[in-house]
Amino acid sequence: MSDLVVIVYPSEQKAEEVRQHLIALQKEYVIALEDAVIAVKSEDGHIKLNQLVNTTAAGALGGSFWGLLVGTIFLMPVVGAAIGAASGALAGALSDFGVNDAFMKDLAGSIAPGNAALFVLIKSMTADKVLEDIKGFGGVVLKTSLDHSKEQALRNALAGLPANAGEAPTPPAA
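Taking this note's numbering, the leading residue of the sequence shown gets 18, the next gets one more, and so forth.
Next comes the structure, spelled out in structure tokens:
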């Protein structure tokens, strides 16, 4: 099961810096991401989603390849490529994977104009290593599907605090 984490940053640049850092951690096999999207709220209240993968462009590229191939069989490669690209772009625009776009826009509506929310869908991670690597990046946790102890550890790491700060002390064994 995947975990969703939404963190608000004061700017799109800071959110992008954290996203790039998480992608670098993914290359080290410390975290496996399903999706990482930045939602930015403009001064006029419009929400822009900065996706990792442009599904419209990917669909157009794949569609043009298959359209070219089918068009070549029927001796009309240009027409086939054009029809394939158009249908692939349409299919890509209508597809949505990872975090639901409507959910992201709705939740990002609650942030202040100029701020950016980083939506991360985590497939798996080595929590202690990830928390150590993102320590001190800042940001405010807006929403998570983590349990309370993991969420508090995340909040502490973003604030640059020790992982167990803010927890009730455990009594010594008798």
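The beta carbon of each residue, even a glycine, is placed where N, CA and C say it ideally should be.
Straight-line spacing of the CA atoms in D150 and E51 works out to 19 Å. In terms of Cβ geometry, K140 and S19 form a close pair [threshold 8 Å]. Contact between V116 and I24 fails: their C-beta atoms lie close to 13 Å from each other, not under 8 Å. Per DSSP, the unbroken beta strand (DSSP E) holding V57 starts and ends at 48-58. The region 160-174 makes no contact with the region 125-132: fewer than 3 CB pairs, one atom from each, lie closer than 8 Å. Inter-segment contact for the region 22-37 and the region 129-137 is present: three or more beta-carbon pairs are separated by less than 8 Å. M121 is positioned such that its CB atom lies closer than 8 Å to that of L66. The three-state secondary structure of V25, taken from DSSP, is strand.
DSSP, reduced to helix, strand and coil, places K152 outside both helices and strands of the structure shown, so it counts as coil. With respect to the C-alpha of A53, the residue from S59, L138, Y46 having the closest C-alpha is L138. Shown here, V116 sits in coil according to DSSP, grouped into three states, outside any helix or strand.
Sorting V35, R36, E45 by C-alpha distance to the C-alpha of T143 places E45 at the top. Taking all protein chains in view, the Cβ of Q37 is surrounded by fewer than 16 other Cβ atoms within 10 Å, so the residue is classified as exposed. For L138, the secondary structure class from DSSP, reduced to helix, strand or coil, is strand.
K58 and Q68 have their C-alpha atoms some 15 Å from each other. When DSSP states are grouped into helix, strand and coil, I128 belongs to the coil group. For D20, the beta-bridge partners assigned by DSSP are I139.
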